[in-house]
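Asker: As given, the protein sequences belong to chains A and B, one line each in that order. FYI, in my numbering the residues of the first sequence are 1 to 68. FYI, in my numbering the residues of the second sequence are 1001 to 1548. All C-beta atoms in this analysis are idealised placements derived from N, C-alpha and C, irrespective of residue type, glycine included.
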Amino acid sequence: MATQDRKNTGGTSSAEEEDLDTPAPAAPAAAQDSGQTQGVDDLLDEIDGVLESNAEEFVRGFVQKGGQ
Amino acid sequence: MIVTGGRETGQPGELPAVGDGISVHRVMGTETEYGIIAPALPSANPTLLSSQVVNAYAATLREGLGNLVNTRWDYTDETPLTDARGFRMDRGSAHPSQLTDEPVELTAEQIALERGEPAEAAVLMNLVLNNGARLYVDHAHPEYSSPEVTNPLDAVLWDRAGDHVAVAAMDRIGTTPGFSPVILYKNNTDNKSVSYGSHENYLVPRRVPFSRLAEALIPFFVSRQVICGAGRVGLGPLNQEAGFQISQRADFFENEIGLETTVRRPIINTRDEPHAVAEKYRRLHVIIGDANLNEVSNYLKLGTTALVLSLIEQGLAPVPELEDPVEALRAISHDPSLTVEVRLRDGRSLTGLQLQELYCDAVTAALPADADRQTRDVVDRWQSLLATLRRDPMEAARAVDWVAKLKVLEAYRTRDGLAWTDPRLALIDLQYADLRPAKGIYQRLARRGDVDLLVEPADVARAAVEPPRDTRAYFRGRCIAEYPAEVVGASWDSLIFELPGERRLQRVQTREPLRGTESLTGALFDAATDAEDFLARLLSGPDRRVAP
Chain A
1 MATQDRKNTG
11 GTSSAEEEDL
21 DTPAPAAPAA
31 AQDSGQTQGV
41 DDLLDEIDGV
51 LESNAEEFVR
61 GFVQKGGQ
Chain B
1001 MIVTGGRETG
1011 QPGELPAVGD
1021 GISVHRVMGT
1031 ETEYGIIAPA
1041 LPSANPTLLS
1051 SQVVNAYAAT
1061 LREGLGNLVN
1071 TRWDYTDETP
1081 LTDARGFRMD
1091 RGSAHPSQLT
1101 DEPVELTAEQ
1111 IALERGEPAE
1121 AAVLMNLVLN
1131 NGARLYVDHA
1141 HPEYSSPEVT
1151 NPLDAVLWDR
1161 AGDHVAVAAM
1171 DRIGTTPGFS
1181 PVILYKNNTD
1191 NKSVSYGSHE
1201 NYLVPRRVPF
1211 SRLAEALIPF
1221 FVSRQVICGA
1231 GRVGLGPLNQ
1241 EAGFQISQRA
1251 DFFENEIGLE
1261 TTVRRPIINT
1271 RDEPHAVAEK
1281 YRRLHVIIGD
1291 ANLNEVSNYL
1301 KLGTTALVLS
1311 LIEQGLAPVP
1321 ELEDPVEALR
1331 AISHDPSLTV
1341 EVRLRDGRSL
1351 TGLQLQELYC
1361 DAVTAALPAD
1371 ADRQTRDVVD
1381 RWQSLLATLR
1391 RDPMEAARAV
1401 DWVAKLKVLE
1411 AYRTRDGLAW
1421 TDPRLALIDL
1431 QYADLRPAKG
1441 IYQRLARRGD
1451 VDLLVEPADV
1461 ARAAVEPPRD
1471 TRAYFRGRCI
1481 AEYPAEVVGA
1491 SWDSLIFELP
1501 GERRLQRVQT
1511 REPLRGTESL
1521 TGALFDAATD
1531 AEDFLARLLS
1541 GPDRRVAP
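1. Starting from B:Phe-1497, follow its DSSP beta bridges and name the residues at the other end.
2. How about B:Ile-1267 and B:Ile-1218: are their beta carbons less than 8 angstroms apart?
3. How is B:Gly-1035 classed by DSSP in three states: helix, strand or coil?
4. Where B:Ser-1211 and B:Pro-1042 are concerned, what is the direct C-alpha to C-alpha distance, given to the nearest angstrom?
5. For chain B, is any of its Cβ atoms less than 8 angstroms away from the one on A:Gly-11?
6. Within 8 angstroms of any Cβ in chain D, is that where the Cβ of B:Arg-1444 sits?
7. Is the beta carbon of B:Gly-1236 closer than 8 angstroms to that of B:Asp-1290?
8. Cβ of B:Pro-1177 within 8 angstroms of Cβ of B:Ile-1246?
9. Short of 6 angstroms in beta carbon distance, which residues of its chain neighbour B:Arg-1134, apart from the five on each side in sequence? Order them along the chain.
10. For A:Asn-54, count neighbouring C-beta atoms within 10 Å of its own C-beta (all shown protein chains included) and say buried if the count is 16 or more, exposed if not.
11. Between the Cα of B:Gly-1303 and those of B:Arg-1072, B:Arg-1207, B:Val-1156 and B:Trp-1073, spot the shortest distance and give me the residue it belongs to.
12. Using the beta-carbon of each residue, which ones in chain A are nearer than 9 angstroms to B:Phe-1431?
13. Should the region 1310-1330 of chain B be called in touch with the region 1170-1189 of chain B, which here means at least 3 C-beta pairs below 8 angstroms?
14. So B:Arg-1511 is in the alpha helix (DSSP H); what residue range does that whole segment cover?
15. Can you give me the Cβ contacts of B:Val-1488 inside the same chain, cut-off strictly under 6 angstroms, excluding the 5 residues immediately before and after it?
16. Is it true that the region 1467-1482 of chain B meets the region 1509-1524 of chain B, where meeting means three or more beta-carbon pairs spaced less than 8 angstroms apart?
17. Can you tell me the Cα-Cα spacing of A:Asp-42 and B:Leu-1425, whole angstroms?
18. Give me the chain A residues within the contact set of B:Thr-1270, using Cβ-Cβ distance strictly less than 7 angstroms, ordered along the chain.
19. Classify A:Gly-67 as buried or exposed, calling it buried when 16 or more other Cβ atoms lie within 10 Å of its own Cβ.
20. Terminal residues of the continuous alpha helix (DSSP H) containing B:Glu-1532?
21. So is A:Ala-24 in contact with chain B if we call contact Cβ pairs under 8 angstroms?
22. Considering only C-alpha positions, which residue in the set B:Asn-1130, B:Met-1028 and B:Pro-1393 is nearest to B:Gln-1225?
23. Over the uninterrupted beta strand (DSSP E) stretch that includes B:Thr-1351, give me the two end residues.
24. Using a beta-carbon distance cut-off of less than 7 angstroms, what residues from the region 1039-1055 of chain B approach chain A?
25. Flag A:Gln-68 as yes if its beta-carbon sits less than 8 angstroms from any beta-carbon of chain B, otherwise no.
26. Would you mind giving the Cβ-Cβ distance between B:Val-1233 and B:Trp-1420, rounded to the nearest angstrom? I have them listed as a contact below 8 angstroms.
27. Does DSSP classify B:Phe-1525 as helix, strand or coil?
28. Measure how close the beta-carbons of B:Leu-1353 and B:Val-1342 come, nearest whole angstrom, since I'm counting them as under 8 angstroms.
29. Can you check which of these residues, B:Gly-1197, B:Gly-1021, B:Val-1054 and B:Ala-1140, is closest to B:Arg-1172 by C-alpha distance?
30. Name the chain A residues that come within less than 9 angstroms of B:Lys-1301, Cβ to Cβ?
31. Quick check: what's the CA-CA separation for B:Arg-1249 versus B:Ser-1195?
32. Between B:His-1275 and chain A, is there a C-beta pair that is closer than 8 angstroms?
33. Who are B:Gln-1245's beta bridge partners in DSSP?
34. Just reading off the beta strand (DSSP E) that B:Ser-1198 is part of, what are its end residues?
35. Residues of chain A with a CB under 7 angstroms from the CB of B:Ser-1023: which are they?
36. One question on the structure: do B:Leu-1358 and B:Pro-1320 come within less than 8 angstroms of each other, judged by their Cβ atoms?
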């Protein structure tokens, strides 16, 4: 037959399932915080690298007409 | 072959087109109007740019990624309906004059042609794709309307297929000499005054009075944004105040119920165009949703709505009547802390989360012990997301667009000390929805593993060229794949064939969304030698569900 339920129904990735099933080891609060800060810094660096260069002008130029 | 999220079933006749019991399974689909600009051409006509998207994708198809069908949209299904049965061969009922009755498209086409674009071929304003979807110019935006599917997970997959098509079109335009690159955005406002839609469609039985749908859906739609809003920098339809809000669309809604979709937008849209057997079905046209990039947000948007529809059909839906739904919609959207309360007519005041919990609890109480896996999965995710949002909204960034966007914005505000009026924050809001893989902030988050995903990229690519197999979209898509020369018109509930040597067109009606499936028509396609043979077999078929 044409259809069948997807494994894990939601199509949840196995990685995510592991996250749910396996509690993360308790890290010392300070270490966790610095790890998170590092992740955020990385992310902002990455976004800095792709943001359009002239924010004000670019945003002003995004003009749409009508729509449902 | 795409393994879809539809239920395992024996005979297709066993599956109702609308929900049976408390379930996420019913016929549904999505529509996305993409935001569009050509940065190097600030004054470009948006209709012309949108037609470039359609034509660029057509050019991509011509190069072998699928069949090109310059298929006209058949608008005749918008006329009053007769008591037609599912698949009706209406020989000779369609004339060429009917096929050209496309005033909006022609007007747009004329505008495009006036701008002096290539005259060697007609500018296409409409495509019906191999996957059963429609890609067309909707006034000033390119729009992708997904094929009909039977469940939220498939709806997410074929919605993502639309984004895949959009990216392919952008790439094509960007690499075509003489054309200025175009950027497509999956968002809902230009943050100046304009909003454009991301609609959902759900098949519901006509026997359910519309007033019962409306009364239960209004408080649900007012609060649904907390689990699937896309987030917006700026408050008010004219962006007259600085700040962040949960929904892209909330500030553009002015009415509770109405017919309009472009002005004085209503929370409940009453357009009654079933695109199916009108005596049996309504198509609930939902216009209030935000366009979602996050797959879980999209999945829950569709899944929880399907569940609430099934509650209404069973007479089990809560009706927490709001004192002022339009104001409540705005108040909830303007409060990312999720603590603001809105007043009910019975004197209670509830938060958006509490309203959602009312519906989630009602579903949980009514859920049968043998509920199918996808239904159970949607309920589990809904419950756990509401618990997360109650604990700390910022913990839901992996699953909720508005939270992911707000987290990035707050990180910038912290690092650079930015006020909400800073144009960089408005740019982040806009660029979150940029569909270019390298530039889009959501795309970056997904690649970094910062968001939860539900569908495989390879499946998305296949869904761009293959229809769902368990709805009439299979019939539409396969007709276009097999008989690109003979299919001269299509709509949600018809295919129009022009056979060589025959003066009259043949219109095949597909008014039952769960007929025309692979199991009903796959063998017919496999056996037919050409379009004429196919139509002959369809006409003489012994099974009335396939042909009269």
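Answerer: Quick look at the numbers:
1. Beta bridge pairing from DSSP links B:Phe-1497 with B:Val-1487 and B:Gln-1506.
2. The Cβ-Cβ distance between B:Ile-1267 and B:Ile-1218 falls below 8 angstroms.
3. Residue state for B:Gly-1035 is assigned as strand, using DSSP reduced to three classes.
4. Distance between the alpha carbons of B:Ser-1211 and B:Pro-1042: 45 angstroms.
5. In this prediction, A:Gly-11 scores a pLDDT of 40, lower than 50, which makes its location untrustworthy; no coordinate-derived value is stated.
6. Among the chains of the structure shown, chain D does not appear; the protein chains present are A and B.
7. Between B:Asp-1290 and B:Gly-1236, the CB-CB gap reaches or exceeds 8 angstroms.
8. No. Outside cutoff.
9. Cβ neighbours of B:Arg-1134 beyond the five flanking positions: Val-1128 and Ser-1145.
10. Per the 10 Å Cβ criterion, exposed.
11. Per the Cα distances, B:Val-1156.
12. Reading the sequence as shown, one finds Gln at residue 1431 of chain B and not Phe. Going along chain A in sequence order, the residues near B:Gln-1431 (Cβ under 9 angstroms) are Ile-47, Val-50, Leu-51, Glu-52 and Phe-58.
13. In short, these stretches do not touch, since the Cβ pair count stays below three.
14. Neither: B:Arg-1511 is in no alpha helix (DSSP H) and is coded neither H nor E.
15. Excluding sequence neighbours, B:Val-1488 sits near Ile-1496 and Glu-1498.
16. The region 1467-1482 of chain B and the region 1509-1524 of chain B touch, with no fewer than 3 CB-CB distances between them shorter than 8 angstroms.
17. Near 18 angstroms, if we compare the C-alpha coordinates of B:Leu-1425 and A:Asp-42.
18. Those do not exist, as B:Thr-1270 stays about 14 angstroms from chain A at its closest Cβ, beyond 7 angstroms.
19. Its Cβ being crowded by 16 or more others within 10 Å, A:Gly-67 is buried.
20. Taken as a continuous stretch (DSSP letters only), the alpha helix (DSSP H) holding B:Glu-1532 covers 1531-1540.
21. Unreliable placement is indicated for A:Ala-24, whose pLDDT of 43 sits below 50; no coordinate value is reported for it.
22. Closest option to B:Gln-1225, judged by alpha-carbon separation, among B:Asn-1130, B:Met-1028 and B:Pro-1393: B:Pro-1393.
23. Bounds of the beta strand (DSSP E) holding B:Thr-1351 are 1349-1351.
24. Result list: Pro-1039, Pro-1042 and Pro-1046.
25. By this cut-off, A:Gln-68 is an interface position.
26. Confirmed, Cβ separation roughly 7 angstroms.
27. It is helical.
28. Contact between B:Leu-1353 and B:Val-1342 does not hold, since their C-beta atoms are separated by about 11 angstroms, which reaches or exceeds 8 angstroms.
29. Ranked by how close their Cα comes to the Cα of B:Arg-1172, the residues B:Gly-1197, B:Gly-1021, B:Val-1054 and B:Ala-1140 have B:Val-1054 in first place.
30. Neighbourhood of B:Lys-1301 in chain A, by CB distance below 9 angstroms: empty, with the nearest CB roughly 14 angstroms away.
31. B:Arg-1249 and B:Ser-1195 have their alpha carbons spaced roughly 7 angstroms apart.
32. Contacts with chain A at 8 angstroms (Cβ-Cβ) do not include B:His-1275.
33. In the DSSP assignment, B:Gln-1245 is bridged to B:Arg-1232.
34. That run of the beta strand (DSSP E) goes 1198-1205.
35. Those within 7 angstroms of B:Ser-1023 in chain A number zero; the least Cβ separation is about 13 angstroms.
36. Remark: C-beta atoms of B:Leu-1358 and B:Pro-1320 approach each other more closely than 8 angstroms.
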